[in-house]
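Visitor:
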Ligand SMILES: Cc1ncc(COP(=O)(O)O)c(C=O)c1O
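Residue numbers (the working numbering): -5 to 312.
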């Protein structure tokens, strides 16, 4: 059952803060009918220096890139949107939350051509715990390989985080949950591993990390990028490559990455137990490092943290 979410007081809409209940849209909005929206999912963490938004600039860049693919004019620079995210978290008085900027086509013409439908911009934030349920980060999740494949390259723009793409994700996750799993892994049209419904995937094999290469069927996750960076710093080899499905079952460790899912261990695939059936040592090391940086327990050598109440990037924690 999907978790309900806690509402907050304020939502940012096109340059102003409006009450949560006032953030309504018209039923004839182009995005409602045709999926013409682009969005981001970002986490803000409690740190010793106050709330800090993780990889804010990278998320704003991806939002603008998604808008470019959908030929949407964004009325705000990446810096303006980043400042709006900070302002919204501060105004809602939150020290830890999930942030969802969304640009969507509003009311214009009824047909498919979105040109006459102006872009409306919103940012919402709310408290959100572990995406795949309480205890998922420690105990891991049970997943299946979905019967739904990801769309092929040059069908849906998988690198754009566009609303319409998420029909595919919903089908994957609904099927998995209906069959008693926490989540599904989708294959790409050629039959190789692609990603989860809203997560990228990594496997550990003989001390090395393997993740599917960007192939036009998946989102290029920002957490995926963090894991690749951190692994290299820790001296762990990472290979971005073609991943046959059977490697999932024989992996020593398997985990999802995503802003919502963070690093979630996978303990079984299609009821085949992975490794020891619990978070493996590599997964734990990566989890500790990633969350240590995000939560301000480890130095921010990459400039990944953006303080809500400060200007620009915060200084590295001692
Ligand atoms: C389809 C899909 N793949 C992967 C990811 C992971 O991306 P990120 O790590 O940037 O959150 C997400 C989440 O945004 C997603 O929706």
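Quick reminder that beta carbons are idealized off the backbone N, C-alpha and C, glycines included.
1. Measuring only the C-alpha atoms, how far is residue 264 from residue 98?
2. Is the separation between the beta-carbon of residue 176 and that of residue 127 shorter than 8 Å?
3. State yes or no: is the C-beta of residue 163 nearer than 7 Å to some heavy atom of ligand 1?
4. Below 8 Å on the Cβ atoms is my contact criterion, and I expect residue 254 with residue 39 to pass it. Report the Cβ-Cβ distance as a whole number of Å.
5. Report the option in 157, 143 and 43 whose CA atom is closest to the CA atom of residue 28.
6. Is it right to say residue 193 is buried, meaning 16 or more other beta carbons lie within 10 angstroms of its own, or is it exposed?
7. Measuring from the CB of residue 62, is there a heavy atom of ligand 1 at a distance below 7 Å?
8. With 16 as the cutoff for other CB atoms within 10 Å, does residue 281 come out buried or exposed?
9. Hey, residue 261 and residue 134 are a contact pair by Cβ (cut 8 Å); roughly how many whole angstroms apart?
10. For residue 100, collect the residues of the same chain with a Cβ closer than 6 Å to its Cβ; drop the 5 residues on either side in sequence, then sort them by chain order.
11. Do the segment 220 to 231 and the segment 55 to 74 meet, that is, are 3 or more Cβ pairs less than 8 Å apart?
12. By a C-beta neighbour count over all protein chains shown, 10 Å radius and 16 as the cutoff for buried, is residue 295 buried or exposed?
13. Considering Cα atoms alone, identify which of 174, 238, 222 and 154 is closest to residue 212.
14. Which whole-angstrom value describes the C-beta separation of residue 5 and residue 166, a residue pair presumed to lie in contact below a C-beta threshold of 8 Å?
15. Using a threshold of 8 Å, state whether the C-beta atoms of residue 131 and residue 197 are closer than that.
16. Could you tell me which uninterrupted alpha helix (DSSP H) segments, each at least 4 residues in length, are contained entirely in the segment 229 to 296, listed from first to last along the chain?
17. If we call anything under 8 Å between Cβ atoms a contact, is residue 290 one with residue 43?
18. Skipping 5 residues on each side, what residues in its chain have a beta carbon closer than 8 Å to that of residue 310?
19. Alpha carbon to alpha carbon, how far is residue 30 from residue 200?
20. Who does residue 115 pair with in a DSSP beta bridge?
21. Residue range of the alpha helix (DSSP H) that residue 83 falls in?
22. Excluding five sequence neighbours on each side, which residues of the same chain lie with their C-beta closer than 7 Å to the C-beta of residue 218?
23. Give me the Cα-Cα distance between residue 279 and residue 245, rounded to the nearest whole angstrom.
24. I'd like the ranges of any alpha helix (DSSP H) spanning at least 4 consecutive residues and lying wholly in the segment 158 to 236.
25. Quick one: which unbroken alpha helix (DSSP H) runs of 4-plus residues sit fully inside the segment 124 to 154? Chain order, please.
26. Between residue 218 and ligand 1, is the CB less than 7 Å from at least one heavy atom?
27. Note the first and the last residue of the continuous alpha helix (DSSP H) segment covering residue 18.
28. Could you check the C-alpha separation between residue 222 and residue 103 for me, to the nearest Å?
29. Can you give me the C-alpha to C-alpha distance between residue 238 and residue -2, rounded to a whole angstrom?
30. Any idea which residues DSSP pairs residue 48 with across the strands?
31. Cα-Cα, which of 56, 25 and 78 is closest to residue 12?
Guide: To lay it out plainly:
1. Counting from one through the chain shown, the residue named residue 264 turns up at place 270. Counting from one through the chain shown, the residue named residue 98 turns up at place 104. Approximately 37 Å, taken between the alpha carbons.
2. Along the chain shown, one-based indexing puts residue 176 at 182. Along the chain shown, one-based indexing puts residue 127 at 133. It is a contact, given that the beta carbons lie within the stated cut-off.
3. Sequence index remark: in the chain shown, residue 163 carries index 169 (1-based). Yes - ligand 1 has a heavy atom lying nearer than 7 Å to the Cβ of residue 163.
4. As a working mapping, residue 254 is identified with position 260 in the chain shown. As a working mapping, residue 39 is identified with position 45 in the chain shown. Incorrect: roughly 13 Å between the Cβ atoms, too far for contact.
5. Walking along the chain shown from the start, residue 28 turns up at place 34. Of the candidates 157, 143 and 43, the one whose C-alpha sits nearest the C-alpha of residue 28 is 157.
6. As a working mapping, residue 193 is identified with position 199 in the chain shown. Flag for residue 193 reads buried.
7. Walking along the chain shown from the start, residue 62 turns up at place 68. Because no heavy atom of ligand 1 lies under 7 Å away, the Cβ of residue 62 does not count as near it: no.
8. If you number the chain shown from 1, residue 281 lands on position 287. Answer is buried; the Cβ neighbour count reaches 16.
9. Here residue 261 is taken as the residue at index 267 of the chain shown, counted from 1. Here residue 134 is taken as the residue at index 140 of the chain shown, counted from 1. Yes, they are in contact, since the Cβ atoms of residue 261 and residue 134 sit about 4 Å apart, within 8 Å.
10. One-based indexing of the chain shown puts residue 100 at position 106. Only 23, 111, 112 and 114 meet the Cβ criterion.
11. no
12. For the purposes of this step, residue 295 is taken as residue 301 along the chain shown, with counting starting at 1. Classification of residue 295: exposed, given that the 10 Å Cβ count is below 16.
13. As a first step, residue 212 must be located in the chain shown, where it is residue number 218. Looking at the Cα atoms, 154 is the closest of the given residues.
14. Translated into the one-based positions of the chain shown, residue 5 becomes position 11. Translated into the one-based positions of the chain shown, residue 166 becomes position 172. 29 Å between Cβ atoms; not a contact.
15. The residue labelled residue 131 in the question sits at position 137 within the chain shown. The residue labelled residue 197 in the question sits at position 203 within the chain shown. No, these two residues do not count as a Cβ contact at 8 Å.
16. 240 to 244 and 275 to 288
17. Walking along the chain shown from the start, residue 290 turns up at place 296. Walking along the chain shown from the start, residue 43 turns up at place 49. It is a contact, given that the beta carbons lie within the stated cut-off.
18. Mapped onto the chain shown, residue 310 falls at position 316. Annotation note: pLDDT 32 at residue 310 (below 50); position unreliable, no value reported.
19. The sequence position of residue 30 within the chain shown is 36, counting from 1. The sequence position of residue 200 within the chain shown is 206, counting from 1. When rounded, the distance between both Cα atoms is 43 Å.
20. Residue mapping note: residue 115 aligns to position 121 of the chain shown, counting from 1. DSSP lists 97 as partners of residue 115.
21. By one-based count along the chain shown, residue 83 stands at place 89. It spans 72 to 86 - the alpha helix (DSSP H) in which residue 83 sits, taken as one unbroken run.
22. Start at 1 with the first residue of the chain shown, and residue 218 comes out as number 224. Excluding sequence neighbours, residue 218 sits near 194, 205 and 251.
23. Position 285 of the chain shown holds residue 279. Position 251 of the chain shown holds residue 245. If I take the Cα positions, the gap works out to 17 Å.
24. 160 to 172 and 216 to 227
25. 130 to 133
26. Taking the chain shown and counting its residues from 1, one reaches residue 218 at position 224. Residue 218 Cβ: within cutoff of ligand 1.
27. Reading the chain shown from its first residue, position 24 is the one you call residue 18. Careful: residue 18 lies outside any alpha helix (DSSP H) and carries neither H nor E.
28. Residue 222 sits at position 228 when you count from the first residue of the chain shown. Residue 103 sits at position 109 when you count from the first residue of the chain shown. Between residue 222 and residue 103, the C-alpha separation is close to 44 Å.
29. Within the chain shown, residue 238 is the residue found at index 244, counting from 1. Within the chain shown, residue -2 is the residue found at index 4, counting from 1. Rounded to whole angstroms, residue 238 to residue -2 spans 36 Å at the Cα level.
30. For the purposes of this step, residue 48 is taken as the residue at position 54 of the chain shown. According to DSSP, which records beta bridges pairwise, residue 48 is partnered with 299.
31. Here residue 12 corresponds to residue number 18 of the chain shown, with the count starting at 1. Checked all of 56, 25 and 78; the closest Cα to residue 12 is 78.
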